[in-house]
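Written out below as structure tokens is the structure these notes cover.
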Amino acid sequence: MKRPDYSKDAELVASVERRAAQAQALLQEIAAKYSPAAFASSLGVEDMVLTDLIARSGLPIEIFTLDTGRLHEETYTLLSKVRSHYGPQLKLPLRVLFPRHETVEAWVGTHGINAFRDSVELRRACCAMRKVEPLGRALAGKKAWITGQRAQQSVTRTGLPLQEDDAAHGMQKFNPLTEWSEREVWAYVQLHEVPYNELHDRFFPSIGCSPCTRSVTPGEDLRAGRWWWENPELRECGLHPGTKA
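To get the working numbering, take the position in the sequence shown, counting from 1, and add 44.
Below, the structure written as structure tokens:
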């Protein structure tokens, strides 16, 4: 998949520069007013934009990612690139969290390795143990968390605010890229030579666990490749309890 050279679109570049300045100002405000704060990165392209902004400013915002144990090989490759590319710039080291092995062993022993395909309830239970529980540990003691969500990503994220009260975790939640378009995200990546997951070039706009993610076709919703066997309104994993689902 070859994308246009967005760096030659002067109007788009100007828009990206404004967006980036606004996002960076918000990140600086979060670091100053809501310390300690953390950024939950799925290593998707939006999250790589935020990683770049945090690293460029040397902000004391912890970046963490969740290794579910079932990620794509390309995601692990990117994780290594993030460490080498941004390691010296990050104020805090990249943190990787894993699900509790005893919980995974018990669930798989009871339901089977791919039971998440059998029902929405089992799929959400799998997401809960591999993602939601580790997220809770990552956010413990934090005053705010940051995500790379965008309002245009899916029907479940329409109207996503810049800042929201996360009652489930008892803290503030920020979505600095909520108003960004997909073109603006990729323009920023090109302009600043930001590393990203190779799967994005193979029509994977949204990347999660390997068995739960597929490529999409032109015109499909950006998150159509996530849990594609379910209704679109159900395609959230529980990490964002305030999101419509």
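The beta carbon of each residue, even a glycine, is placed where N, CA and C say it ideally should be.
Keep in mind the model is a prediction, meaning the values are calculated, not measured.
Using a Cβ distance threshold of 9 Å, Asp53 and Val238 do not count as a contacting pair.
Check the Cα spacing between Leu138 and each of Pro276, Phe218 and Ala182: the tightest is with Ala182.
Val60 and Thr147 have their C-alpha atoms spaced approximately 43 Å apart. A straight-line Cα-Cα distance of about 22 Å links Gly180 and Val164. Non-local beta-carbon contacts of His213 in its own chain, meaning distances under 6 Å to residues more than five positions away in sequence, involve Leu183 in chain order. Secondary structure of Met215 (DSSP, three-state): strand. Partner residues in the beta bridge of Thr109, as assigned by DSSP, are Val140. A Cβ-Cβ distance of about 6 Å is found for the pair Ala188 and Ile74, placing them in contact under the 8 Å criterion. Shortest Cα-Cα distance from Gly131 to any of Asn219, Met173, Asp91 and Ile98 involves Ile98.
Under the three-state reduction of DSSP output, Phe83 falls in the strand class. Contact between the region 145 to 159 and the region 259 to 266 is absent: fewer than 3 CB-CB pairs across the two stretches fall below 8 Å. In the structure shown, Asp210 adopts extended strand secondary structure according to DSSP, grouped into three states.
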